[in-house]
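Have a look at the structure below before the remarks.
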Amino acid sequence: MARMAKIPIKIPTGVTVTAENRVLTVTGPKGQLSWNMPPDVAIILAENEAKVTHTADGETNLVGLTWAYLSNMVRGVTEGWGKVLELSGTGFRATTSGTQLDLALGFSHPIKVTAPAGITFEVKENKITIKGSDKELV
171 MARMAKIPIK IPTGVTVTAE NRVLTVTGPK GQLSWNMPPD VAIILAENEA KVTHTADGET
231 NLVGLTWAYL SNMVRGVTEG WGKVLELSGT GFRATTSGTQ LDLALGFSHP IKVTAPAGIT
291 FEVKENKITI KGSDKELV
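Just so we're aligned: the sequence shown equals residues 171 to 308 in this note's numbering.
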């Protein structure tokens, strides 16, 4: 990822990126994401792009990590992230009620999963779709 950090990240219109007090904040149409940046990494913001650099020698791995996080955050607040899970098994069912996902997976009791803030569940037939702006939570 350190080599990818040489490529500036394009910031679309409607998205703001701020880096203050080692906290990287990205705000866009799908929400706001924050991340604590590692030390010895700096973000240079231009008109509509951001470039990640290191302030100490030998910290290229942290530059690549920060570049990947920033890139994923920008994509998350503009397009969002999603994952589709398919249930396959006799009698396996999934239903949603509000922000809760109820799974019947052959146990003696149903499994209830509550969605964290910013995550939504959708169920169609035997497919569960998980959507949100934060890639780690999805």
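Heads up, the beta-carbon is just placed ideally off N, CA and C, and yes, glycines get one too. Just so you know, these numbers come straight off a predicted model, no measurement behind them.
Residue nearest to residue i in terms of C-alpha spacing, selected from the options
| i | options | result |
| --- | --- | --- |
| Thr186 | Leu215, Asn206 and Pro178 | Leu215 |
| Arg192 | Met207, Pro199 and Glu292 | Met207 |
| Ser204 | Met243, Gly234 and Leu235 | Met243 |
| Leu194 | Gly268, Gly250, Ala220 and Thr269 | Ala220 |
| Val331 | Phe277, Ser267, Lys305 and His279 | Here the chain covers residues 171 to 308 and nothing more, so residue 331 does not appear. |
| Thr265 | Ile181, Ile300 and Lys305 | Ile300 |
| Glu295 | Gly261, His224, Asp304 and Pro199 | Gly261 |
| Thr225 | Asp210, Ile181, Tyr239 and Asn218 | Asp210 |
Contact under 9 Å by Cβ, residue i with residue j
| i | j | result |
| --- | --- | --- |
| Val222 | Ile281 | no |
| Ala189 | Ala172 | no |
| Gly259 | Gly201 | no |
| His286 | Leu307 | Inspection of the sequence shows that residue 286 is occupied by Pro rather than by His. Yes, the pair counts as a contact, with Cβ atoms nearer than the cut-off. |
| Asp143 | Gly234 | Because the chain in this structure spans residues 171 to 308, residue 143 falls outside the shown range and cannot be described. |
Residue i classed as buried or exposed, judged by whether at least 16 other C-beta atoms fall within 10 angstroms
| i | result |
| --- | --- |
| Ile177 | exposed |
| Val254 | exposed |
| Leu275 | exposed |
| Arg263 | exposed |
Whole-angstrom C-beta distance between residue j and residue i, which should lie under 8 Å
| i | j | result |
| --- | --- | --- |
| Gly302 | Thr284 | Contact doesn't hold; Cβ gap of about 14 Å is too wide. |
| Trp237 | Ala175 | 4 Å |
| Leu257 | Ile298 | 7 Å |
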